[in-house]
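*Asks:* Protein chains in written order, with my numbering: chain A, 7 to 26; chain B, 3 to 132. This structure is in structure tokens; I'll ask about it shortly.
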């Protein structure tokens, strides 16, 4: 199971803009 | 006229919607020791998109609360006491809702627009990139 830190990091990354 | 650079100066939103812009702004905030405000802003956006039926969502809400709000971090310092209380109560009662961080995100965003974003547009790191 992912740690809370991993989940938080994934959440942040998911919201970051992708390459145009 | 519609280059990424001209869009960066249009608004904080357009800066953060651009990959290079967001990366450069993040580098700037790391130097200014307030990168947590930007990570919190992105975390709020990511959280809003999560499925409330997924058990991970509750864990992420707690992780955001612990990392940015419960302690005396730069994010916590910029939030109104009532906003922090509202989130703390929601976490304690397990009232996990997609909009639970909206007010906090707005307060952080307003602060960034008035301060860090303005400083960024006159910073060396931005001017060198331009």
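Beta carbons are placed, not taken as given, at the ideal position from N, Cα and C, and that holds for glycine. Keep in mind it's a predicted model, so treat the numbers as computed, not measured.
(1) Apply the 10 Å Cβ neighbour rule to residue 61 of chain B and answer buried if 16 or more other Cβ atoms are within range, or exposed otherwise.
(2) For residue 106 of chain B and chain A, any beta-carbon pair shorter than 8 Å?
(3) Spell out whether any CB of chain A is found under 8 Å from the CB atom of residue 61 of chain B.
(4) Between which two residues does the alpha helix (DSSP H) carrying residue 27 of chain B extend?
(5) Going by beta-carbon coordinates alone, are residue 102 of chain B and residue 89 of chain B separated by less than 8 Å?
(6) Measure from the alpha carbon of residue 38 of chain B to the alpha carbon of each residue in B:13, B:19, B:80, then state which is nearest.
(7) Could you name each continuous beta strand (DSSP E) segment of 3 residues or more that falls completely within the stretch 62-125 of chain B, going from the start of the chain to the end?
(8) For the pair the stretch 9-22 of chain A and the stretch 52-61 of chain B, tell me if three or more CB-CB distances fall below 8 Å.
(9) Going by the C-beta, is residue 128 of chain B closer than 7 Å to any heavy atom of the ligand MN?
(10) Could you give the DSSP three-state label for residue 51 of chain B: helix, strand or coil?
(11) Let me see if you follow: with CB-CB separation under 8 Å, is residue 113 of chain B close to chain A or not?
*Replies:* On the basis of the data shown:
(1) Position 59 of the second chain, counting from 1, holds the residue named residue 61 of chain B. It counts as buried.
(2) Residue 106 of chain B sits at position 104 when you count from the first residue of the second chain. No, its Cβ sits nowhere closer than 8 Å to a Cβ of chain A.
(3) Translated into the one-based positions of the second chain, residue 61 of chain B becomes position 59. By this cut-off, residue 61 of chain B is an interface position.
(4) On the second chain, residue 27 of chain B is found 25 positions in, with the first residue counted as 1. First-last of the alpha helix (DSSP H) with residue 27 of chain B: 21-33.
(5) Locating residue 102 of chain B in the second chain gives position 100, where the first residue counts as 1. Locating residue 89 of chain B in the second chain gives position 87, where the first residue counts as 1. In this structure, residue 102 of chain B lies near residue 89 of chain B, with their beta-carbon atoms less than 8 Å apart.
(6) As a position in the second chain, residue 38 of chain B is number 36, starting the count at 1. Taking only the C-alpha atoms, the option nearest residue 38 of chain B is B:80.
(7) As far as the stretch 62-125 of chain B is concerned, it has no whole beta strand (DSSP E) run of at least 3 residues.
(8) yes
(9) No copy of the ligand MN appears in this structure; indeed no ligand is present at all.
(10) Working through the second chain from its first residue, we reach residue 51 of chain B at position 49. Looking at residue 51 of chain B - three-state DSSP - the assignment turns out to be coil, as it is neither helix nor strand.
(11) Counting from one through the second chain, the residue named residue 113 of chain B turns up at place 111. Closer than 8 Å: no.
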